[in-house]
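Residue numbers (my numbering), protein chains in the order written: chain A, 8 to 450; chain B, 13 to 503. The beta carbon of each residue, even a glycine, is placed where N, CA and C say it ideally should be. Encoded as structure tokens, the structure appears first; notes follow it.
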């Protein structure tokens, strides 16, 4: 099938963003003005191509291109790049590019993996002006949260200052981190397996093509590895929730949180693991109990078990990727900690500014416009649908963050952890279409 | 504030837990004592979740009550004054010496765009200026709005009325609680025009996806059994985008290409029509506080049509084959001097309690046709002819036997559609709307306006320049405001 023009522009934007990312990374190493300016210029070229892709797709489809996951994620990435350029010019701080562009790159890779078919035939529920208002504001708000996630991640990396004089505390902290992130998942998996508590057998899958052709064939796949992955995923989630909480009394420096540092590194490793897993799934090199890439996601049987299985597999990928890179990660982390041209207040301010812009957009767009549309289409403002609950959880985390910034003892690392948690929830809610059913299952 | 953070985070975490547990334990699954106690198969309506929302409401109320006086004073009242010692603790603290401190400070306030007040105290003059005071109302509006949303949700939860009704064209739907009736006039399906990525049915019954449309033809992607994909061009006229698929043993329209489904209905009061309206997705019918939503439709099974029925006629003269069209023209049997007049076709023949024939479904489970026999123009008898069972049913003594041997041109189509409407009525809607408006205005004021404050303390020095202490604060753009402040000071 020929690629439509909008997709060509999308890939041009992708290439420009990637080149911009490389430039910003090189700048971090050599600190030459020309390099970061080149990076910003490439980002600008990328955003122009991305804008062109958006409007061409709008023209080709005949409606605002926000009716599927690719289109939503693409707009979210666009907003993040616009914010990057705004903050770059506002603060005259090249490091803005260094920490936002990798997250944009990750989102663009995820967008590239999603089906890009133009949908000219909108289903009845989507034929409403509220599609334009609800989804566009939610995507723009989410784009702002991407930037705040990037800033808060860097904050959590930079705020930790390794202490040479307190090696015993460091060793103790490291041991607890390893127990949380590796011990708990493995121990929980083994214990549950030994006690016979295992997830149920996989569900049958009817792919879209088969359903339409009337050949109702059921494909069963092996659960053996899947159930291990589900338990590992569950264990990892428990471990990563505990990590940021356990060092409050052991903290050597009141401004330095080892837990926050471990939390963000584990989160980033998981995100990269999930991205690589997505590539493996896309190209059929890996199959979960459900084949995620077969046909249209709304036609496949969904299961919350699959969510844990996906996380479990992402955890394995994350470990495989990060373990050999530990010396490099440690060096980069130390380098960031020592950067004098970038201070924590600036990062905190960038994070807050992004949330301050994204929060109203998201509240009005995702929650209120969505509720009003739901009342018009389905008769109820709120139905506790998985997507609605997802949006509510995201909103609660960011509301918590905004309160935390005004509270002594919650400023800094704790507030940054809430931003990261909000962003993780944003991803779970976004990719939740693959795992949970509900009224938004078609998106 | 700390309590608010914890309650927000706790609500978020428990919502996530409820979302996941709700997926594993959907309503209607068998319950253990633990599940029943904590209502885990309907967690968002469980007592502990309601309790959590109750605590959140109390927290919001306390916040509103505590902060209202301060916020109102900050928005509309005279700003607070500080002495130089307090100003020194500000990050933005600056100090300068000017010949005429008050004139200089007045100019500074003007350039910063702030309105100001002044007081004289023993030994110094304090000036305090502000702008964007309305933004101080934002927390009040936000918290009140959220409280209204929770109250509105509670009212809807208690008073909400929801009912699903079904009917096909011609049905009149009534309910003991209504003082009116709803007549379904018609139900229609509308399809999108042929376009890219639509599934279509090809002339040979296969289905494929449109990948390109050009003038009068379309390029179709076809998946083979081996998984290999083929592409072919077809004339657009030969492609059907409104076709039936099999779902749960019933044929039903493929919904992917449906543009809209519309019920035309009339409100009847005392058996007379009050008004007619269209009910479709995103366009409910509203009457007397009730709202009728188009939720879905059902096919009500299928109907089968047959072009030609091949009937074997056995008589003393031998066996002959005749082809009859249901409700069609008579066919003569020359060797008997009789003619057969075909009547209605019943795909699934059955007899009801009164021994009256009817078709139990649209499926070809027991095909039968009523046939009348004429001698010249005089009716001599009537027969039911069958495919499954040999023999006749008619009660006459005519010397011939009829049997269906084949059905030609069999097509199936959905029976009359049944529209499914959701009827709702509730009384908390306006509270929810008020909540939306409060929060939206609060967000606009809070994040759109800047609450900027500046304080100046002038200590008069009789022997020379006045000593001036300054500090500023800004709610949203502290960095920008400080830059501007510094630039004015430098100039």
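Check the DSSP bridge columns for residue i and list the partner residues they point to.
{"i": "residue 220 (chain B)", "result": "B:212"}
{"i": "residue 235 (chain B)", "result": "B:241"}
{"i": "residue 101 (chain B)", "result": "Residue 101 (chain B) is not bridged to any residue."}
{"i": "residue 325 (chain B)", "result": "B:332, B:414"}
{"i": "residue 309 (chain B)", "result": "B:431"}
{"i": "residue 420 (chain B)", "result": "B:320"}
{"i": "residue 467 (chain B)", "result": "B:140, B:483"}
{"i": "residue 302 (chain B)", "result": "B:299"}
Can you find a C-beta in chain B that's less than 9 Å from the C-beta of residue i?
{"i": "residue 141 (chain A)", "result": "no"}
{"i": "residue 366 (chain A)", "result": "yes"}
{"i": "residue 124 (chain A)", "result": "yes"}
{"i": "residue 71 (chain A)", "result": "no"}
{"i": "residue 451 (chain A)", "result": "With chain A covering only 8 through 450, there is no way to say anything about residue 451 (chain A)."}
{"i": "residue 425 (chain A)", "result": "yes"}
{"i": "residue 371 (chain A)", "result": "yes"}
{"i": "residue 304 (chain A)", "result": "For residue 304 (chain A), the predicted structure reports a pLDDT of 36, less than 50, and the residue's modelled location is therefore unreliable. The matter cannot be settled from this model."}
{"i": "residue 396 (chain A)", "result": "yes"}
{"i": "residue 413 (chain A)", "result": "yes"}
{"i": "residue 270 (chain A)", "result": "no"}
{"i": "residue 81 (chain A)", "result": "no"}
Quick one: does residue i have its CB under 9 Å from some CB of chain A?
{"i": "residue 14 (chain B)", "result": "yes"}
{"i": "residue 215 (chain B)", "result": "no"}
{"i": "residue 170 (chain B)", "result": "no"}
{"i": "residue 385 (chain B)", "result": "no"}
{"i": "residue 452 (chain B)", "result": "yes"}
{"i": "residue 208 (chain B)", "result": "yes"}
{"i": "residue 30 (chain B)", "result": "yes"}
Look up residue i in the DSSP assignment and say whether it is helix, strand or coil.
{"i": "residue 434 (chain B)", "result": "strand"}
{"i": "residue 130 (chain A)", "result": "coil"}
{"i": "residue 94 (chain B)", "result": "coil"}
{"i": "residue 279 (chain A)", "result": "helix"}
{"i": "residue 498 (chain B)", "result": "helix"}
{"i": "residue 108 (chain B)", "result": "strand"}
{"i": "residue 45 (chain A)", "result": "helix"}
{"i": "residue 360 (chain B)", "result": "strand"}
{"i": "residue 101 (chain A)", "result": "coil"}
{"i": "residue 393 (chain A)", "result": "helix"}
{"i": "residue 176 (chain B)", "result": "strand"}
{"i": "residue 368 (chain B)", "result": "coil"}
{"i": "residue 358 (chain A)", "result": "helix"}
{"i": "residue 290 (chain B)", "result": "strand"}
{"i": "residue 412 (chain A)", "result": "coil"}
Using a cut-off of 7 Å between C-beta atoms, extract the partners of residue i located in chain E.
{"i": "residue 406 (chain A)", "result": "Of the chains in the structure shown, none is chain E; the protein chains are A and B."}
For residue i, count the other beta carbons within 10 Å of its own beta carbon; 16 or more makes it buried, fewer makes it exposed. Which is it?
{"i": "residue 148 (chain B)", "result": "buried"}
{"i": "residue 13 (chain B)", "result": "exposed"}
{"i": "residue 31 (chain A)", "result": "buried"}
{"i": "residue 210 (chain B)", "result": "buried"}
{"i": "residue 26 (chain B)", "result": "buried"}
{"i": "residue 60 (chain B)", "result": "exposed"}
{"i": "residue 354 (chain B)", "result": "buried"}
{"i": "residue 29 (chain B)", "result": "exposed"}
{"i": "residue 458 (chain B)", "result": "buried"}
{"i": "residue 101 (chain A)", "result": "buried"}
{"i": "residue 221 (chain A)", "result": "Note that residue 221 (chain A) has pLDDT 42, beneath the 50 cutoff, so the model's placement of it is unreliable and the number below is only indicative. Classification for residue 221 (chain A): exposed."}
{"i": "residue 346 (chain A)", "result": "exposed"}
{"i": "residue 200 (chain A)", "result": "exposed"}
The alpha helix (DSSP H) with residue i in it runs from where to where?
{"i": "residue 396 (chain B)", "result": "No alpha helix (DSSP H) contains residue 396 (chain B), which is instead part of the beta strand (DSSP E) from 390-398."}
{"i": "residue 164 (chain A)", "result": "136-166"}
{"i": "residue 446 (chain B)", "result": "441-460"}
Return the first residue and the last residue of the beta strand (DSSP E) that residue i is part of.
{"i": "residue 387 (chain B)", "result": "380-387"}
{"i": "residue 278 (chain B)", "result": "270-281"}
{"i": "residue 299 (chain B)", "result": "297-299"}
{"i": "residue 198 (chain B)", "result": "193-203"}
{"i": "residue 485 (chain B)", "result": "478-486"}
{"i": "residue 133 (chain B)", "result": "127-133"}
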